[in-house]
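A.B. asks:
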Amino acid sequence: MDKIKSFLFSKQEEKYKEFTKKLNPTLDEDKIIGVRVPELRKYAKEIYKEDRKYVEEYLEKLPHKYLEEYQIHMYLLDNEKDINILIDKTEKVLKYIDNWPICDIGMGKISKKYPEIVEKKIFDWLKSDHTFTVRFAIVVLITNFIKQNFKIEHIKRLSKIKRDEYYINIAIAWYFAECYSKHEEEVLICLENKEIENVWVHNKTIQKIRESLKVEKGKKEYLKTLKIGAIKK
Numbered sequence: 001m002d003k004i005k006s007f008l009f010s011k012q013e014e015k016y017k018e019f020t021k022k023l024n025p026t027l028d029e030d031k032i033i034g035v036r037v038p039e040l041r042k043y044a045k046e047i048y049k050e051d052r053k054y055v056e057e058y059l060e061k062l063p064h065k066y067l068e069e070y071q072i073h074m075y076l077l078d079n080e081k082d083i084n085i086l087i088d089k090t091e092k093v094l095k096y097i098d099n100w101p102i103c104d105i106g107m108g109k110i111s112k113k114y115p116e117i118v119e120k121k122i123f124d125w126l127k128s129d130h131t132f133t134v135r136f137a138i139v140v141l142i143t144n145f146i147k148q149n150f151k152i153e154h155i156k157r158l159s160k161i162k163r164d165e166y167y168i169n170i171a172i173a174w175y176f177a178e179c180y181s182k183h184e185e186e187v188l189i190c191l192e193n194k195e196i197e198n199v200w201v202h203n204k205t206i207q208k209i210r211e212s213l214k215v216e217k218g219k220k221e222y223l224k225t226l227k228i229g230a231i232k233k
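In full-length UniProt numbering, the protein residues as written are 1 to 233.
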């Protein structure tokens with residue numbers, strides 16, 4: 001057993017494993033060890049400082065077996081300082097991601113310094129047939145392109161996505177809800193004009209915005225009037 005697996009099993013908590021399984025019903029229980037996220041983050045920092053050679057070898061050893069191995073993998077990528085290498089390493093692991101806890105870790109922090117390069121990759125990833133590659137692209141739009149580098153084009157592109165996968169659609173609604181907090185007018189116009197082609201996403205966006213404690217009551221009531229029918233999913 002290698003050092004990362006040894007660490008993971010030394011921190012295993014059965015109750016946390018059960019909790020993780022409940023949050024990820026589609027994930028095979030045998031692929032979950034049961035280690036808390038703060039422990040994973042802390043260890044990723046430690047192992048990167050202690051043994052760079054081992055880390056580089058680990059990042060090339062794909063696929064992994066366990067959820068937590070992938071989480072550590074993504075946290076280790078946060079140390080990469082070359083944007084092109086980061087993209088290459090990210091794409092190598094993306095095709096193996098099959099759940100949201102890995103996907104939603106997002107992209108290494110250096111990515112925020114290269115918005116044009118990253119945006120181009122996001123547009124490529126949005127076209128993927130792989131569910132969690134698309135979701136990853138949306139997550140990076142949320143983390144890297146709402147507070148800064150926002151473009152109305154991002155709203156337009158996500159509005160046109162029509163997919164059946166829950167984990168893509170809920171991520172799009174999440175994007176619009178987050179975007180509303182910084183770009184209220186742009187999102188409101190999108191909702192008023194019914195630009196979001198997936199009706200479930202349109203309605204879920206409104207629901208998520210209305211759930212925010214930061215949105216005024218009057219605005220919540222108006223948003224409610226923008227819902228389309230009674231769509232179930």
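C-beta atoms are modelled at their ideal positions from N, C-alpha and C, and glycine is treated no differently.
Note down, in chain order, each residue of its chain lying with its Cβ closer than 7 Å to the Cβ of Glu29, except the 5 sequence neighbours on either side.
C.D. replies: Taking the sequence shown and counting its residues from 1, the one referred to as residue 29 is at position 29. So the qualifying residues of the chain are Lys21.
A.B. asks: Should Phe123 and Ile97 be called a contact, given that it needs their Cβ atoms to be closer than 8 Å?
C.D. replies: Numbered from its first residue, the sequence shown carries residue 123 at position 123. Numbered from its first residue, the sequence shown carries residue 97 at position 97. No; because the gap between Cβ atoms is not below 8 Å, this pair is not in contact.
A.B. asks: What number of angstroms, rounded off, separates the C-alpha of Ile102 from the C-alpha of Leu23?
C.D. replies: The residue labelled residue 102 in the question sits at position 102 within the sequence shown. The residue labelled residue 23 in the question sits at position 23 within the sequence shown. Each residue's alpha carbon lies about 13 Å from the other.
A.B. asks: Determine contact between the region 29-49 and the region 80-91, defined as no fewer than three beta-carbon pairs at a distance below 8 Å.
C.D. replies: The region 29-49 vs the region 80-91: no contact.
A.B. asks: Kindly list the residues whose CB is nearer than 7 Å to the CB of Cys190, restricted to its own chain and excluding five residues on each side of it in sequence; keep chain order.
C.D. replies: Counted from its first residue, the sequence shown places residue 190 at position 190. Excluding sequence neighbours, Cys190 sits near Ile155, Ser159 and Ile196.
A.B. asks: By the 10 Å Cβ neighbour count, where 16 or more other Cβ atoms means buried, how is residue 235 classified, buried or exposed?
C.D. replies: What is shown of the chain runs 1 to 233, which leaves residue 235 out entirely.
A.B. asks: Would you mind sorting Asp2 into buried or exposed? The rule is 16 or more other CB atoms within 10 Å of its CB.
C.D. replies: One-based indexing of the sequence shown puts residue 2 at position 2. Label assigned to Asp2: exposed.
A.B. asks: For Ser128, which of helix, strand or coil comes out of DSSP?
C.D. replies: Your numbering for residue 128 matches position 128 in the sequence shown. Coil at Ser128, not helix or strand.
A.B. asks: Candidates Gly34, Thr26 and Glu80: which alpha carbon is nearest Glu14's?
C.D. replies: For this step, residue 14 is matched to residue 14 along the sequence shown. The shortest Cα separation from Glu14 among Gly34, Thr26 and Glu80 belongs to Gly34.
A.B. asks: Taking C-beta to C-beta, are Asn193 and Asn169 nearer than 8 Å?
C.D. replies: What you label residue 193 is simply residue 193 of the sequence shown in a count that begins at 1. What you label residue 169 is simply residue 169 of the sequence shown in a count that begins at 1. No, the pair does not count as a contact, with Cβ atoms beyond the cut-off.
A.B. asks: Answer with buried or exposed for Ser111, where buried requires no fewer than 16 other C-beta atoms within 10 angstroms of its C-beta.
C.D. replies: Here residue 111 refers to the residue found at position 111 when the sequence shown is read from its first residue. By the neighbour-count rule (16 or more Cβ atoms within 10 Å), Ser111 is buried.
A.B. asks: Going straight from the alpha carbon of Ile172 to that of Trp100, what length do you get?
C.D. replies: Counting from 1 along the sequence shown, the entry for residue 172 is found at position 172. Counting from 1 along the sequence shown, the entry for residue 100 is found at position 100. The alpha-carbon atoms of Ile172 and Trp100 are separated by roughly 13 Å.
A.B. asks: Thinking Phe176 and Thr205 are a contact (beta carbons under 8 Å), I'd like their distance in whole angstroms, please.
C.D. replies: Taking the first residue of the sequence shown as 1, we reach residue 176 at position 176. Taking the first residue of the sequence shown as 1, we reach residue 205 at position 205. About 4 Å; that satisfies the 8 Å criterion.
A.B. asks: So is Tyr75 buried or exposed if we call it buried at 16+ other beta carbons inside 10 Å?
C.D. replies: Residue mapping note: residue 75 aligns to position 75 of the sequence shown, counting from 1. Buried.
A.B. asks: So, helix, strand or coil for His202, using DSSP?
C.D. replies: Along the sequence shown, one-based indexing puts residue 202 at 202. Correct three-state label for His202: helix.
A.B. asks: In the region 93-147, which residue ranges form an unbroken alpha helix (DSSP H) of at least 4 residues, counting only runs that do not cross its ends?
C.D. replies: Listed in chain order, they are 100-103, 115-125 and 131-144.
A.B. asks: Mapping the DSSP letters down to three states, classify Arg157 as helix, strand or coil.
C.D. replies: Indexing the sequence shown from 1 puts residue 157 at position 157. Note: Arg157 maps to helix in three-state DSSP.
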